[in-house]
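J.: Dumping the structure here so I can ask a few things about it.
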Amino acid sequence: RSADLGATARTRAGGAAFRPADPLAGVAEAIAFPVSTPPALVTWELGAGPSAAPQAVAPGLVLWDPAQAAFRVAGPQPSAVDALATAGAAGLVAVPTGIEDLRWTPAGPLLVGGPRLSLAAASGLVTVAADLDAPLALPATAADGRLLAVGSMNGAERARLWLPAALATGGAPAEDVVLPGFALLGFFVDGAPWVAWADATDLSPHAARLAAGGALQDQVASAPPDGVLSPNGRTVVTFERGLAGAELTALRIVSTDPATGFATLDRVQLPGPVVSAAFDATGERLYAVVSGPDRLVLVE
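Residue numbers (the working numbering): 3 to 302.
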């Protein structure tokens, strides 16, 4: 994950924390723990030689790819030679538009960059959508491989739902719906796709289930926050200011159940500023990396 807290808060998959070891010298070190077996730590240098990630990569985003049992490292800056590579292995996929966000899908790593939503498949880069008007919120994926993306696309605020087969080949989405306001995020609740938007008049939040044929049903006059989503999709965790003052030293745990109006379930004070957080595979434990000093905190 990026060390940038904003990017980390949007990341809903993987289990990697990243920090630069010497930014001025262009050398970085990734410190990562797979969500299935924390707190087993893995470290490596980036750009150090042929056995590490290629020097063309400007490291900034780290993704755990469970299908390949490997970490993916990407350079997010358009000014750099953008690429996606597996750390410690040969081969990379060139990304001409830059990489702003990364997430894993069963079809391969998904990239958000510039006007494109792309899939890094074994055969190369597959364009999923090429008409993004602005960077998307990180798309949501279901356990069966469906992808839900919301944002400004093709001149309108839209929600698009891809089935796994279409996603793998760059095919058309199964649903392409214009939202009645400013797109906020997409998410799955018990496998059902939901979208959230802000009213164009007063910016009040709304959410609705995306039904077959593009209908918006079961509308709720609120929306869950964007953050670290549990594996079962039932809770989302966000970082907030805590008792320590201006720094983000608290976790707020929110239910994604629309019947509760996305109620806050709990708020946890941490012993230091939050760097990143990830659920384990069961969704019952949350591991948070905090600084001052650096440590790994378990929240059950």
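Where is the CB? At the ideal position from N, CA and C, for every residue including glycine. As the structure is a prediction and not an experimental result, all values here were calculated from the model.
1) Apart from the five residues on each side of it in sequence, which residues of its chain come closer than 6 angstroms, Cβ to Cβ, to residue 110?
2) Given a threshold of 16 other Cβ atoms within 10 Å of its Cβ, counted over all protein chains shown, does residue 295 qualify as buried or as exposed?
3) Quick check on residue 188: does DSSP put it in helix, strand or coil?
4) Could you check which residue in 283, 162, 212 and 127 has the C-alpha nearest to that of residue 134?
5) Tell me which residue opens and which closes the alpha helix (DSSP H) that residue 170 is part of.
6) Might you give, ordered along the chain, the residues of its own chain that have their beta carbon closer than 7 angstroms to the beta carbon of residue 300, omitting 5 neighbours on each side?
7) Hey, out of 185, 282, 249 and 284, whose CA is closest to residue 273's CA?
8) Short of 6 angstroms in beta carbon distance, which residues of its chain neighbour residue 143, apart from the five on each side in sequence? Order them along the chain.
9) Which two residues bound the contiguous beta strand (DSSP E) that contains residue 252?
10) Counting Cβ pairs closer than 8 angstroms, one from the region 230-237 and one from the region 201-215, do we hit at least three?
11) Below 8 angstroms between beta carbons: does that hold for residue 168 and residue 176?
12) For the beta strand (DSSP E) holding residue 103, just list the boundary residues, first then last.
13) With a 10 Å radius around its C-beta and 16 neighbouring C-beta atoms as the bar for buried, classify residue 237 as buried or exposed.
14) According to the Cβ coordinates, are residue 199 and residue 190 closer than 8 angstroms?
15) Can you grab the Cα-Cα spacing for the pair residue 146 / residue 260, in whole Å?
16) DSSP beta-bridge partners for residue 232?
T.: With the structure as the only source:
1) Counted from its first residue, the sequence shown places residue 110 at position 108. Taken in chain order, the residues that qualify are 121, 122 and 123.
2) Here residue 295 is taken as the residue at index 293 of the sequence shown, counted from 1. Looking at its Cβ environment, which holds fewer than 16 other Cβ atoms inside 10 Å, residue 295 is exposed.
3) By 1-based counting over the sequence shown, the position of residue 188 is 186. DSSP, reduced to helix, strand and coil, places residue 188 within a strand of the structure shown.
4) Residue numbering aside, residue 134 sits at position 132 when the sequence shown is read from its first letter. When only C-alpha atoms are compared, the closest one is 162.
5) Along the sequence shown, read from residue 1 onward, the residue named residue 170 stands at position 168. For residue 170, the enclosing alpha helix (DSSP H) has its first and last residue at 166-171.
6) Within the sequence shown, residue 300 is the residue found at index 298, counting from 1. Counting only Cβ-Cβ distances below 7 angstroms, and skipping sequence neighbours, we find 287 and 289.
7) Against the sequence shown, residue 273 aligns to sequence position 271. Distances from the alpha-carbon of residue 273 to those of 185, 282, 249 and 284 put 249 closest.
8) Position 141 of the sequence shown, counted from the first residue, corresponds to residue 143. Beyond the five residues adjoining it in sequence on each side, residue 143 comes within less than 6 angstroms, by CB distance, of 107 and 149 in the same chain, given in chain order.
9) One-based indexing of the sequence shown puts residue 252 at position 250. Residue 252 -> beta strand (DSSP E) spans 250-257.
10) Using a Cβ-Cβ distance cut-off of 8 angstroms, the region 230-237 and the region 201-215 are not in contact, since fewer than three pairs of beta carbons, one from each stretch, lie closer than that value.
11) Along the sequence shown, read from residue 1 onward, the residue named residue 168 stands at position 166. Along the sequence shown, read from residue 1 onward, the residue named residue 176 stands at position 174. Their beta carbons are under 8 angstroms apart, which means residue 168 touches residue 176 by this criterion.
12) The residue labelled residue 103 in the question sits at position 101 within the sequence shown. Here the beta strand (DSSP E) through residue 103 covers 103-107.
13) Your numbering for residue 237 matches position 235 in the sequence shown. Buried, by the Cβ-count rule.
14) Translated into the one-based positions of the sequence shown, residue 199 becomes position 197. Translated into the one-based positions of the sequence shown, residue 190 becomes position 188. Not a contact, by the Cβ cut-off of 8 angstroms.
15) The residue given as residue 146 occupies position 144 in the sequence shown. The residue given as residue 260 occupies position 258 in the sequence shown. One C-alpha to the other measures close to 22 angstroms.
16) Counting from 1 along the sequence shown, the entry for residue 232 is found at position 230. Per DSSP, residue 232 has no beta bridge partner at all.
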